[in-house]
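>
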Amino acid sequence: MSDNKYYATRFSFDKGREKIWKEIAAYLQRYIPRDSIVLDLGAGYCSFINNIKAKEKYALDLYRDFTKYASNDVKAFVSNCTDLKKFKNNNFDVVFLSNLLEHLSIEEAESTLNEIYRVLKPKGKVILIQPNFKYSHKTYFDDYTHKTIYTDISLADLLKKHKFNIIKQDGKFLPFSLKSRLPKSGFLVRIYLRMPYRPMAKQMLIIGEKVD
């Protein structure tokens, strides 16, 4: 995702999307104690990491201009997610990934998960939001950079393979794209996330806990 043209065509900055992410971050805060050290991999426009409350916040992306979107309390690095050698072992309480693994080969994804396991503290959490192919198969490859297919079952199994216990598995969490018809209103997004059944939901939320 180092191609700046990708950001211009498929992932351009949208202030309305920031309203959505503020609510997503608030929803996920229950899994992130405020004294946590948090890393956002593939941070994009830093929409998650800017809105989460944590003791220390780090962001990483290959997009060379992403650092200008990071808040002052976020330490941002331009780097590849498969190589986290700049971070020591057992360093983070939470690692977050949104719409990242599907852009990687399975080999790259496994290398990334190995690195995530290494840098997480014991009982640390990995939080993933991903397109769920089970519900998004018709439009999954409209994004030409998608390489690997995941469902909530296969992604959970991949995390288990890499020594994570699954503590949350929600196959229908968000619409396939934040370009879609989800209203760009914080209030409406808050209601949507509280619904037991979420219409148009084609992305999943999977949370794994590191098994030491």
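Reading the sequence shown from the start, the letters are residues 0 to 211 in numbering that gives the first Met the number 0.
Beta carbons are placed, not taken as given, at the ideal position from N, Cα and C, and that holds for glycine.
1. On the three-pair Cβ rule with 8 Å, is the region 88-97 touching the region 139-152?
2. Taking one C-beta from the region 56-67 and one from the region 25-39 each time, how about it: are there three or more such pairs within less than 8 Å?
3. Would you mind giving the Cβ-Cβ distance between I205 and Q168, rounded to the nearest angstrom? I have them listed as a contact below 8 Å.
4. Does the beta-carbon distance from P130 to E107 come in below 8 Å?
5. Entirely within the region 117-172 and at least 4 residues each: give me those alpha helix (DSSP H) ranges in chain order.
6. Quick one: Cα of I31 to Cα of W20, how far?
7. Throw me the rounded Cβ distance for the V73 and N49 pair, which I believe falls under 8 Å.
8. Less than 7 Å between C-beta atoms, sequence neighbours within five positions excluded: which residues of the same chain meet that for Y68?
9. Below 8 Å, how does it come out for the region 147-162 and the region 188-197: are there three or more Cβ pairs, yes or no?
10. Any idea what DSSP makes of I205, helix, strand or coil?
11. Report back the beta-carbon spacing between F172 and M203 to the nearest angstrom; my notes put them in contact at under 8 Å.
12. Note down, in chain order, each residue of its chain lying with its Cβ closer than 8 Å to the Cβ of P121, except the 5 sequence neighbours on either side.
13. Between I51 and H161, what straight-line distance do the alpha-carbon atoms span, to the nearest angstrom?
14. Alpha carbon to alpha carbon, how far is K146 from L83?
15. Buried or exposed for K201, please, with buried defined as at least 16 other CB atoms from any protein chain shown within 10 angstroms of its CB.
16. Should V93 and K124 be called a contact, given that it needs their Cβ atoms to be closer than 8 Å?
17. Below 7 Å, is the gap between the Cβ of L103 and the nearest heavy atom of the ligand FAD?
18. If distances are taken between C-alpha atoms only, which option among L157, V77 and S135 comes closest to E109?
19. Is it right to say Y134 is buried, meaning 16 or more other beta carbons lie within 10 angstroms of its own, or is it exposed?
20. Excluding the five sequence neighbours on either side, which residues of its own chain have a C-beta within less than 7 Å of the C-beta of T66, listed in chain order?
21. Less than 6 Å between C-beta atoms, sequence neighbours within five positions excluded: which residues of the same chain meet that for L181?
So, to answer that:
1. No contact exists between the region 88-97 and the region 139-152.
2. Counting Cβ pairs under 8 Å, three or more are found: they touch.
3. If you number the sequence shown from 1, residue 205 lands on position 206. If you number the sequence shown from 1, residue 168 lands on position 169. Confirmed, about 6 Å.
4. Taking the first residue of the sequence shown as 1, we reach residue 130 at position 131. Taking the first residue of the sequence shown as 1, we reach residue 107 at position 108. Between P130 and E107, the gap from beta carbon to beta carbon reaches 8 Å or more.
5. List check, alpha helix (DSSP H) in window: 132-135 and 151-160.
6. Here residue 31 is taken as the residue at index 32 of the sequence shown, counted from 1. Here residue 20 is taken as the residue at index 21 of the sequence shown, counted from 1. In a straight line, the C-alpha of I31 is about 15 Å away from that of W20.
7. For the purposes of this step, residue 73 is taken as the residue at position 74 of the sequence shown. For the purposes of this step, residue 49 is taken as the residue at position 50 of the sequence shown. About 6 Å separates the two Cβ atoms, so the contact holds.
8. To locate residue 68, count along the sequence shown from 1; it is residue 69. Closer than 7 Å at Cβ, skipping near neighbours: Y44 and C45.
9. Taking 8 Å as the limit for Cβ pairs, the verdict is that the region 188-197 does not touch the region 147-162.
10. Along the sequence shown, one-based indexing puts residue 205 at 206. DSSP places I205 within a strand segment (E or B) once states are collapsed to three.
11. If you number the sequence shown from 1, residue 172 lands on position 173. If you number the sequence shown from 1, residue 203 lands on position 204. F172 to M203, Cβ: 6 Å. Contact.
12. Position 122 of the sequence shown, counted from the first residue, corresponds to residue 121. Taking P121 as the centre and dropping the five residues before and after it, the same chain places the C-beta of N89, K209 and D211 closer than 8 Å to its C-beta, in chain order.
13. Here residue 51 is taken as the residue at index 52 of the sequence shown, counted from 1. Here residue 161 is taken as the residue at index 162 of the sequence shown, counted from 1. Answer to the nearest angstrom: the Cα atoms are 26 Å apart.
14. Indexing the sequence shown from 1 puts residue 146 at position 147. Indexing the sequence shown from 1 puts residue 83 at position 84. Spanning the two alpha carbons is a distance of roughly 22 Å.
15. Residue 201 sits at position 202 when you count from the first residue of the sequence shown. The residue is buried, with at least 16 neighbouring Cβ atoms inside 10 Å.
16. Locating residue 93 in the sequence shown gives position 94, counting from the first residue. Locating residue 124 in the sequence shown gives position 125, counting from the first residue. In this structure, K124 lies closer than 8 Å to V93 by Cβ.
17. The model depicted lacks the ligand FAD and carries no ligand whatsoever.
18. Looking up residue 109 in the sequence shown gives position 110. Per the Cα distances, L157.
19. Counting from 1 along the sequence shown, the entry for residue 134 is found at position 135. Classification for Y134: buried.
20. Counting from one through the sequence shown, the residue named residue 66 turns up at place 67. If we look at T66 and ignore the five residues flanking it on each side, its Cβ neighbours are A75 and V77.
21. Counted from its first residue, the sequence shown places residue 181 at position 182. With a pLDDT of only 49 at L181, under the threshold of 50, the placement of this residue in the model should not be trusted; the figure read from the coordinates follows. The answer, listed in chain order, is P174.
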